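Numbering (the working numbering), first residue to last: 20 to 343.
Heads up, the thing below is written out as structure tokens.
Right under this line is the structure:
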């Protein structure tokens, strides 16, 4: 059966003028499945909008669409994991983290099953409003014991994460990036390592701690800040859980002030983790936190939403240069 080609649109973040890769998640998973016959791919009727189509086209006998039934999606994956499969499941993050939370916690994490959850459109990355924006997923998923949580930066790191999670014990939650995904990191030098934060830029005036796609935006805005005389260093935290608290605390100790950037609500995500790491050492630092306010967000074009909710380039620059 022919399937519609994946097309640019919902949930994409790439600047069309910059380097990007189409559907890195689906292609990386298809490549990995060539080597690992135990890998299966499942979705809740969202193969197109989660980039699972490349996998489905190459491995149709290992592709399952359970329909619009997120709880069943997780339950079926848990059952297959008990039969020595490694299920990669994907659909919109908002449905996974809200509707299927108990199934993720009890059927998967509690049993330490190797279910790999790729959660799509995390944060403020679509125009469908509060019903489809997964802006609080890190806070929710951090509360699940024995769950690994990863927030990749770009297509390079996402490809590495797809491969790495197959060998990470237990259940893993990944914030997936779909469509045309920016290529920012050097594939020859960057290596994703679970629980390890990475320095992306050296600097002397301010330290930026960021995760996920915000690390790419931090790199971009840091160059603009440098032109204004502010030299910013960037520490990219790809693994939210287990959290590299020592590296973050050591990094923060090197700068008079800190900026935390995350595409998530203000509470329960990276900012909370950084504060916990600092207070764990008895340290207090001026800290500007670029994050979403605790509210549901309306529908609209991405650039309109980012400006409306103080998440745009100007806001990032103010945080770096002015510390507010």
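Built from N, CA and C at the ideal position, the CB exists for glycine as well.
Note that the coordinates shown come from a computational prediction; the quantities given were computed from them, not determined experimentally.
In the structure shown, what three-state DSSP assignment does residue i receive?
i: residue 54; result: helix
i: residue 63; result: coil
i: residue 74; result: helix
i: residue 39; result: strand
i: residue 47; result: helix
i: residue 12; result: Absent from the model: residue 12. The displayed extent of the chain is 20 to 343, so no value can be given.
i: residue 98; result: helix
i: residue 329; result: coil
i: residue 112; result: helix
i: residue 79; result: helix
i: residue 334; result: helix
i: residue 26; result: Its pLDDT being 41, under 50, residue 26 is placed unreliably by the model, and the measurement read from it follows with that caveat. Residue 26 falls in the coil class under three-state DSSP.
i: residue 341; result: helix
i: residue 121; result: helix
i: residue 213; result: coil
Which residue from the options puts its Cα closest to that of residue i?
i: residue 262; options: 273, 330, 217 and 275; result: 217
i: residue 285; options: 156, 43, 69 and 63; result: 156
i: residue 147; options: 123, 324 and 318; result: 318
i: residue 106; options: 189, 341, 213 and 203; result: 189
i: residue 269; options: 246, 280 and 293; result: 293
i: residue 179; options: 163, 51 and 311; result: 51
i: residue 118; options: 88, 37 and 164; result: 88
i: residue 345; options: 182, 205 and 230; result: Any question about residue 345 goes unanswered here, given that the chain covers just 20 to 343.
i: residue 315; options: 125, 71 and 154; result: 154
i: residue 238; options: 215, 203, 114 and 150; result: 203
i: residue 298; options: 320, 264, 282 and 321; result: 264
i: residue 45; options: 321, 182 and 329; result: 182
i: residue 282; options: 37, 74 and 142; result: 142
i: residue 37; options: 120, 328, 201 and 125; result: 201
i: residue 191; options: 199, 135, 236 and 251; result: 135
i: residue 140; options: 196, 290, 120 and 289; result: 196
i: residue 213; options: 185, 323, 234 and 221; result: 185
Pull up the DSSP beta-bridge partners for residue i, would you.
i: residue 218; result: 254
i: residue 84; result: 62
i: residue 9; result: Outside the shown range of the chain, which is 20 to 343, sits residue 9, and nothing can be said about it.
i: residue 105; result: 58
With a threshold of 8 Å between beta-carbons, can residue i be considered close to chain C, or not?
i: residue 77; result: Judged by its chain identifiers, the structure shown contains no chain C, having just a single protein chain.
Discussion item. Runs of 4 residues minimum, wholly inside the stretch 230-273: which ones carry the alpha helix (DSSP H) assignment?
Written reply: Entirely contained in the stretch 230-273, the alpha helix (DSSP H) runs reaching 4 residues are, in chain order, 232-246 and 264-272.
Fill in: Cβ contact check for the stretch 162-169 and the stretch 296-311: 3 or more pairs under 8 Å
No, the stretch 162-169 does not touch the stretch 296-311.
Fill in: Residue ranges of each alpha helix (DSSP H) within the stretch 277-325, 4 or longer
Positions of the alpha helix (DSSP H) runs, each at least 4 residues long and wholly inside the stretch 277-325, are given as 289-299 in order along the chain.
Worksheet item: Counting pairs of Cβ atoms below 8 Å between the stretch 38-52 and the stretch 171-180, do you hit three or more?
Response: The answer is yes - the stretch 171-180 touches the stretch 38-52, with three or more Cβ pairs under 8 Å.
Discussion item. Runs of 3 residues minimum, wholly inside the stretch 123-205: which ones carry the beta strand (DSSP E) assignment?
Written reply: For the stretch 123-205, whole beta strand (DSSP E) runs of length 3 or above, ordered along the chain, are 135-139, 167-169, 191-195 and 199-201.
Discussion item. Three or more C-beta pairs under 8 Å: does that hold for the stretch 211-225 against the stretch 270-282?
Written reply: A contact exists between the stretch 211-225 and the stretch 270-282.
Fill in: the stretch 106-121 / the stretch 58-75 touching (three or more Cβ pairs under 8 Å)
Using a C-beta cut-off of 8 Å, the stretch 106-121 makes contact with the stretch 58-75, since at least three inter-stretch Cβ pairs fall below that distance.
Discussion item. Counting beta carbon pairs with one atom in the stretch 334-343 and one in the stretch 235-247, are three or more of them shorter than 8 Å?
Written reply: Contact holds: three or more Cβ-Cβ distances are below 8 Å.
Fill in: At least 3 beta-carbon pairs within less than 8 Å: the stretch 150-165 vs the stretch 122-141
Touching, per the Cβ criterion.
Discussion item. For the stretch 93-106 against the stretch 64-76, do three or more pairs of beta-carbon atoms, one drawn from each stretch, fall closer than 8 Å, so that the two count as touching?
Written reply: Contact fails: fewer than three Cβ-Cβ distances are below 8 Å.
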